[in-house]
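Residue numbers (my numbering): 1217 to 1679. Inspection log for the structure reproduced underneath, given as structure tokens.
As structure tokens, this is what we get:
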């Protein structure tokens, strides 16, 4: 959307929220955000190892921001102060970590002795200016990763309720498209169609991600959003929604991600809650769509029965659930122990976002060393403590508090289910972060940004 002058910028920014359902400006903005989300799903699931693909997503985000400078200013003026503060803090932290500092300052930070020694050994001089981060290039890359989600939050704030609902449908549709790509991959034993050159197993559903845990979480988030969609009185429409949900549920199991399968309890719980409220509602209109609810309940029961049969008969579902038997064989507890120790060496300021791989190897216990390299802590809270110290943990904690408050606050009935579904999806991300690193890839960062938009009160509902 082109904004020709400062005089029209303010008017355009306000018309987005006040125009009717999906006015012209809102349609243009929605399409732009959908393009960004689609690019993130297709290109951003490989993590930091695929910098050029992430760069492509970030360039799309910068282009869209440049086309909507009026809406950026509108967000800065009108967004809730807590949300604005969290967005600014999340983007500012990596930037502050790469500012060059005098030697007396950066050497005073905990854990900087090896850096000073390496400078002295290489003849660079330990008295040179250096950043807070021990690897400023990786920290700059981490800042770049915030551009796309910041664009979604900043511009998505201007969408009205119908626009936000379509944004949620974009995520669900993207998950279903990824599932279709995954079926092609899986049908060839993952010899064709993989988007990332990673070590892969022939019986695992990867879709558009390099990590099966990310795939499983993506499907769980889509299922949560599907549960929050408005109910239709048309049995055919509700049946189509439930059928899509069933396929995503099966897809989650086919990823063989233990965390993804466990987190299915969240959308299944939302389904039970939604059906129970629908069947017990005393609303005069409730009788009109109870048959559709029975149809949906029947499809869910059939899906769960199919999974149970596949498990008992040794099908693909059996392979997925069999992985739970090897849970105790994981080396993650050893990584967490070393990670907590490493965090203490840089506490309370951290070593710099993105620098985990540089510093963890120095503090890994000899008895835990193995042929496999621990590129991640497999606990994002421990990794955040290592890289960002108390400030990073505080920002993460405040995001979770804001999301919980936004999901549970009183509000219009029309928004209630979607806000609760978005909050449940955030809870799924937070829970998987205990065992993995979901927000270390561009795709899930953008999906999380969509959840933030859904949790923000639409402008026309504010007092």
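A virtual CB, placed ideally from N, CA and C, is assigned to each residue, including glycine. All figures in this text were calculated on a predicted structure; none of them were measured in a lab.
Test item: CB-CB of residue i and residue j under 8 Å
i            : j            : result
residue 1660 : residue 1595 : no
residue 1603 : residue 1572 : yes
residue 1167 : residue 1662 : No information on residue 1167 is available, as it lies outside the stretch 1217 to 1679 that the chain covers here.
residue 1442 : residue 1460 : yes
residue 1292 : residue 1383 : no
residue 1657 : residue 1372 : no
residue 1358 : residue 1606 : no
residue 1387 : residue 1253 : yes
residue 1470 : residue 1402 : yes
residue 1575 : residue 1558 : yes
residue 1454 : residue 1465 : no
residue 1290 : residue 1360 : no
residue 1302 : residue 1611 : yes
residue 1258 : residue 1424 : yes
residue 1665 : residue 1655 : no
residue 1440 : residue 1483 : yes
residue 1288 : residue 1278 : no
residue 1618 : residue 1298 : yes
residue 1330 : residue 1551 : no
residue 1251 : residue 1273 : no
residue 1398 : residue 1381 : no
Per DSSP, the bridge partner or partners of residue i
i            : result
residue 1680 : With the chain represented from 1217 up to 1679, any question about residue 1680 goes unanswered, as that position is not in the structure.
residue 1316 : 1347
Nearest-angstrom beta carbon gap, residue j and residue i [assumed within contact, 8 Å]
i            : j            : result
residue 1468 : residue 1432 : 5 Å
residue 1561 : residue 1327 : 5 Å
residue 1325 : residue 1565 : 5 Å
residue 1262 : residue 1426 : 4 Å
residue 1436 : residue 1476 : 6 Å
residue 1609 : residue 1600 : 6 Å
residue 1246 : residue 1284 : The pair is not a contact, with the Cβ atoms about 12 Å apart (cut-off 8 Å).
residue 1319 : residue 1342 : 7 Å
residue 1429 : residue 1648 : 7 Å
residue 1355 : residue 1310 : 5 Å
residue 1242 : residue 1376 : 7 Å
Contact test: residue i Cβ vs the ligand ATP heavy atom, cutoff 7 Å
i            : result
residue 1341 : As far as ligands go, the structure on display features none, and thus does not contain the ligand ATP.
### Query
Where in the segment 1254 to 1302 do unbroken runs of the alpha helix (DSSP H), each at least 4 residues long, occur, reported from the N-terminal end onward?
If only complete runs of 4 or more residues are kept, the segment 1254 to 1302 shows the alpha helix (DSSP H) at 1267 to 1283, 1285 to 1294, in order along the chain.
### Query
Is the number of C-beta pairs between the segment 1307 to 1317 and the segment 1333 to 1352 that are closer than 8 Å three or more?
Contact holds: three or more Cβ-Cβ distances are below 8 Å.
### Query
Between the segment 1589 to 1606 and the segment 1631 to 1641, do at least 3 Cβ pairs fall closer than 8 Å?
Contact between the segment 1589 to 1606 and the segment 1631 to 1641 is not established, with fewer than three Cβ pairs separated by less than 8 Å.
### Message
With a threshold of 8 Å, are at least 3 pairs of Cβ atoms found where one atom belongs to the segment 1397 to 1416 and the other to the segment 1474 to 1490?
### Response
As far as the Cβ criterion goes, the segment 1397 to 1416 does not touch the segment 1474 to 1490, which means the pair count is below three.
### Any alpha helix (DSSP H) of 4 or more consecutive residues that is wholly inside the segment 1357 to 1381
Segments of the alpha helix (DSSP H) lying fully in the segment 1357 to 1381: 1363 to 1372.
### Query
Of all the alpha helix (DSSP H) runs that stay within the bounds of the segment 1386 to 1460, which reach a length of 4 or more residues?
Counting only runs of 4 or more, we get 1428 to 1444.
### Segments assigned beta strand (DSSP E), at least 3 residues, entirely inside the segment 1593 to 1623
Counting whole runs of 3 or more residues, the segment 1593 to 1623 contains no beta strand (DSSP E) stretch at all.
### Query
Is the segment 1361 to 1376 close to the segment 1413 to 1430, with three or more CB pairs under 8 Å?
Verdict: no, contact absent.
### Inter-stretch contact at 8 Å, needing at least 3 Cβ pairs: the segment 1663 to 1673 / the segment 1621 to 1637
Counting Cβ pairs under 8 Å, three or more are found: they touch.
### Task
Output the residue ranges of the beta strand (DSSP E) runs that lie fully inside the segment 1632 to 1672 and measure 3 residues or longer, sorted by chain position.
Listed in chain order, there is nothing to give.
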